[in-house]
Every structure is written in C-alpha cells, then in structure tokens.
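In the numbering used here, the protein residues as written are 25 to 544.
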C-alpha cells in the first residue's frame, strides 16, 4: 500500500476510533486489515457479522487482542464501511462505494439471518432501485467490481451489471433507430443523417464502455449480441476500445517498444481479443484501422492466427487502401527488407481469391504499382520477392504499364550487380505496347521537328546566298555568331554523335527506353 493511501486510511480509522472512544467504552479488540488497524468492540461486530461471530468464537485470546483479516473485499476501505454499519454510523451508499459495500457484506456474512435490515439487504435495495437503472451507473459499478473478484462474481454482481448494460444499450439503440426511420419517412431527414444518428449513439455507448477491462468488455459485447444487437454496429465500439488501449504503442521502424514484458503481454491479450470481436461483415471496420491493428500485432508478436485473421480481413477490402496503409515496416533487422513485403503479398493473395469487380481491381493494380515503386529502391529486396509480388498483381486490368516500368527501372538502378538473364526476366514482365508516356509526347515532338526543319531550311538559303556573292570564302565572325544562335536553340534535340534527335530515335525504337534508363 502506498504511503499516501496509508495516510488517508489512518485518518479515516482515526475518525472512526475517535467516535468509538467518545462513547466512553474501551476497545476490546483490534482488527488489522492489510496493515491498517481498527480499534473496535466485539459486540457490535458479532451482532451484525456472521463471519466475525464464528471467527471470534474460535479465536484464542491474546495479550494485545489483535485479529488479522487479509482477504476482505475492498481492503481497509471496504471493512470501514462494514464497521460503520455495525456501529450505526450514518454513511451514504453511492455508485462509487456500492460494489465494495455489497461484496464486504457478503464476505462478512451480514445477512438477514444475523440481523434484520442488515447490510446485504440494504445494498441489494440500492442496486435494484438506483445503481443498475442507468447506463453510466451500471458501467461504473461493473468497473469497480472488476477489482473485487472473486466475491463480485460469487454474488453475481458482474453478471447483473453486464445484463443491465446490454438491456439498456439495446433499448437505446431501438429508440434511436425508430426515431431515425420516423424522421426519414416523414421527410425530416435523409438516410445518411439516420446513419449518422446511429453512429453518434454508438460513439456514446463506446465512451461509457471503454473504461472496462478487456475480459469484461468482451462479456458485455457478447451479451449485447445474444440480445440481438447488430454485429455490424459493433465496429465503432470496438474501434474506440482498441484506440484507447493501444494508444501508447509505438509503431515505427526503430524496433520494439520500451514497455515491460507484463505490459506487452497485456496489450497482446487485448489485441487478440479485439481481433476476435471484430464484425465479420465486410466494411464494418475501415482498412486504415485494420492496418493499424496489424502493425500492432506484428510488433507485439501476437499469435499467427491473429495476424492471419487481420490479413484476410484486409485482403477483402484492399481496394479501399491508400499507399500509407500498406507500407508496413519490418521489425526484423537480420538484413531483412525495410518493409514487410511478405505480409503484403499474403494480403494481395487473399484479395485475388475474393470476388472483385473490375473497378476495384483497377484500384488495387494502381495501388500495388505505387507500392512496388516505393519498395524497389531497397537494396535488401531480393529479386525473387520482387518478381513474385509483380506476378501476383492481376494483369487483366492493367490499362498501362508506366507504373510497372518505373518500379522495375528503380529496382535495376538499386541492384546494379544483376546478371543479364535476371534483367531480361524483369523486362519480360512489362508489356511495352501499354507504355503511354511516349504516345503522349508524340505531337510535341512532331511540332519540334517541323520547327527544326524550317530553321535548317533558312540556314541553307543563307549559305546559298553567300556562295553566290564574291565575298571571302571564310565566313565572317558575325555570320558564325548568327549560326551559333540559331543552332543553340535546338541543341537539346541534337545528338552530336549520331546527328539525329534522341526523341526521334525513341519513337523509332520503343524498347530503347528501358536500355537508356537501366543498362549503362
């Protein structure tokens, strides 16, 4: 127990003891609960507590009359509530202390068999009439009960709270749905606004439920489902819960986070449980959030089943992804790649096994081409992995090969030691007939060639005029300056070694593009 908590408890015990001594009756027993001592009297205790009656009847008298009890629910604070009740000291039952009071009453056997109107009856009345009649109250009591196991479970406190929460959430969701449908039918709102209202309601429930530990949270969701709650609507609630408990997990390329083994194990259990609770319906969870969960699962080294489950879900929704969603860093440092290529390849395989429409396939093809461009410069990326990933991309919807060409070009520059047959293998993966950038440049090149021909024609006419004249055979300095200015305008298009334009050559031979960029 912390020093501050001991000090607070000592003050509370002091006040209780002062009241007892103010009655001018000497204490005849000291009860010690987890290091905190209570100077009390046997008669008030045995008159209300069956447990104390049996304990003191079998307890041998000692010089200091000290009795130690170490398993009291709620510790010294819980025992103080029971002691006050035994002495008739007024105290108020509240949402904050009802769980302690109910559990300590059960532990000390403060039932009607011992005394009429005992603490068990009083606490049960409060739970039924006040505590479990509001969502926030039931959640607060449930949260307090988590720290009072196993007694809280024995008195069915947790089960009753879970059932109450599930009932109230179902009731509120039905009211929200009915209101939204009524507004839509009367023209007061659109279907999108109705969905927004339902989402707002889900956000409200999530804010109340995320304070629970993962096992209790799971029990609440299962109770909601058993009552007919729409599984698809669980998405926002699970998302809120995961964001809260995984907020401090660092996902970066710098390696494992600095949490201790116990904290990592707790996060691992939370993540695996959350994954099992995710709705199976497609699009119930955004791809971006699934990516965040997968990064966390890789970093925390969750079970293989957990990671494969997330990969399968991501594969079904791959068309919704953006590039950052699939740039998952590798957390291994044994000369491995910068990005986790194996994971993305498995996600792509899951996508290829699903039923996808042509528009979605086009999005995925473009996404994967951009991904290839990003990873191609990694010098540790093996040729086999690179080729396998390219071959996995659906090619029936690849309208253009520009992205694929760019990725292969970058890979070749980053891996200059590749053999000729390996380079040819990469080139064989490109359909050069689908390269579009050269066709787009053709009108511009044609205009440039026409301008060049016209300028050369003017120069030729000037030379003829000079030959006809009787001037010196050697051209003057002013003429050379004129020629230089004319020709300098077109130097970007002149290839001195061959006397022709590289752009023109490029049009004549489409395969020269890969040689120019990749083979030196």
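Heads up, the beta-carbon is just placed ideally off N, CA and C, and yes, glycines get one too.
Residues sharing a beta bridge with residue i, DSSP
{"i": "residue 61", "result": "56"}
{"i": "residue 363", "result": "353"}
Own chain partners of residue i with C-beta closer than 7 Å, once the 5 adjacent residues on each side are dropped
{"i": "residue 175", "result": "97, 127, 130 and 131"}
{"i": "residue 397", "result": "427, 430, 431 and 434"}
{"i": "residue 92", "result": "56"}
{"i": "residue 123", "result": "165, 168, 169, 172, 176 and 181"}
{"i": "residue 392", "result": "372 and 417"}
{"i": "residue 387", "result": "343"}
{"i": "residue 275", "result": "Because the pLDDT of residue 275 is 40, which lies under 50, any placement of that residue in the model is unreliable, and the question is left without a value."}
{"i": "residue 160", "result": "232"}
{"i": "residue 105", "result": "115, 121, 124, 125 and 128"}
{"i": "residue 241", "result": "233 and 265"}
Close-in-space but distant-in-sequence residues of the same chain around residue i (CB under 6 Å, 5 per side omitted)
{"i": "residue 269", "result": "294"}
{"i": "residue 139", "result": "72"}
{"i": "residue 400", "result": "431, 434 and 435"}
{"i": "residue 361", "result": "354, 402, 404 and 405"}
{"i": "residue 74", "result": "133 and 138"}
{"i": "residue 185", "result": "162, 165 and 166"}
{"i": "residue 548", "result": "Not covered by the structure: residue 548. The range shown for the chain is 25 to 544."}
{"i": "residue 266", "result": "298"}
{"i": "residue 331", "result": "321"}
{"i": "residue 102", "result": "96, 124 and 128"}
{"i": "residue 251", "result": "190 and 194"}
{"i": "residue 197", "result": "none"}
{"i": "residue 77", "result": "70"}
{"i": "residue 146", "result": "none"}
{"i": "residue 214", "result": "Note on residue 214: pLDDT 47, under 50, position unreliable in the model; the coordinate value appears next. Excluding positions up to five away in sequence, the list is empty."}
Endpoints, the beta strand (DSSP E) within which residue i is located
{"i": "residue 92", "result": "90–92"}
Expected contact under 8 Å - CB spacing of residue i and residue j to nearest Å
{"i": "residue 345", "j": "residue 311", "result": "5 Å"}
{"i": "residue 298", "j": "residue 244", "result": "With 8 Å as the limit, residue 298 and residue 244 do not qualify as a contact, their Cβ atoms being about 13 Å apart."}
{"i": "residue 296", "j": "residue 326", "result": "5 Å"}
{"i": "residue 463", "j": "residue 425", "result": "Not confirmed; about 12 Å, so no contact."}
{"i": "residue 407", "j": "residue 446", "result": "6 Å"}
{"i": "residue 151", "j": "residue 109", "result": "Residue 151 to residue 109, Cβ: 16 Å. No contact."}
{"i": "residue 247", "j": "residue 187", "result": "6 Å"}
First through last residue of the alpha helix (DSSP H) which encompasses residue i
{"i": "residue 263", "result": "258–269"}
{"i": "residue 379", "result": "Element bounds for residue 379: n/a, residue is neither H nor E."}
{"i": "residue 323", "result": "311–324"}
{"i": "residue 66", "result": "66–72"}
{"i": "residue 178", "result": "175–178"}
{"i": "residue 427", "result": "426–438"}
{"i": "residue 100", "result": "99–111"}
{"i": "residue 412", "result": "407–416"}
{"i": "residue 241", "result": "238–250"}
{"i": "residue 151", "result": "143–153"}
{"i": "residue 235", "result": "Neither: residue 235 is in no alpha helix (DSSP H) and is coded neither H nor E."}
{"i": "residue 446", "result": "444–451"}
{"i": "residue 50", "result": "Here residue 50 belongs to no alpha helix (DSSP H), and DSSP marks it neither H nor E."}
{"i": "residue 400", "result": "Unbroken run through residue 400: none, as it is neither H nor E."}
{"i": "residue 334", "result": "328–340"}
{"i": "residue 125", "result": "122–131"}
{"i": "residue 169", "result": "159–169"}
Sequence-distant residues of its chain with Cβ nearer than 8 Å to residue i (five each side left out)
{"i": "residue 80", "result": "53, 66, 69, 70 and 91"}
{"i": "residue 347", "result": "391, 394, 395 and 398"}
{"i": "residue 453", "result": "411, 414, 415, 428 and 432"}
{"i": "residue 178", "result": "130"}
{"i": "residue 523", "result": "Confidence at residue 523 is low in this model, with a pLDDT of 38, below 50, so the placement of that residue should be treated as unreliable; the coordinate-derived value is given next. The answer is none, since no qualifying residue turns up."}
{"i": "residue 363", "result": "351, 352, 353, 354, 398, 399 and 402"}
{"i": "residue 366", "result": "409"}
{"i": "residue 249", "result": "255 and 258"}
Contact test: residue i Cβ vs the ligand SAM heavy atom, cutoff 8 Å
{"i": "residue 293", "result": "With respect to the ligand SAM, the structure shown offers nothing to examine, as it has no ligands at all."}
Report task. Count the C-beta pairs between the stretch 139–155 and the stretch 102–118 that are closer than 8 Å, then say yes if the count reaches three, no if not. Result -> yes
Query raised in the report: Is the stretch 297–308 touching the stretch 330–337 in the sense that three or more CB pairs, one from each, lie closer than 8 Å?
Result: yes
Requested in this report: Please confirm if the stretch 349–368 is in contact with the stretch 376–384, defined as three or more CB-CB distances below 8 Å between the two stretches.
Outcome: no
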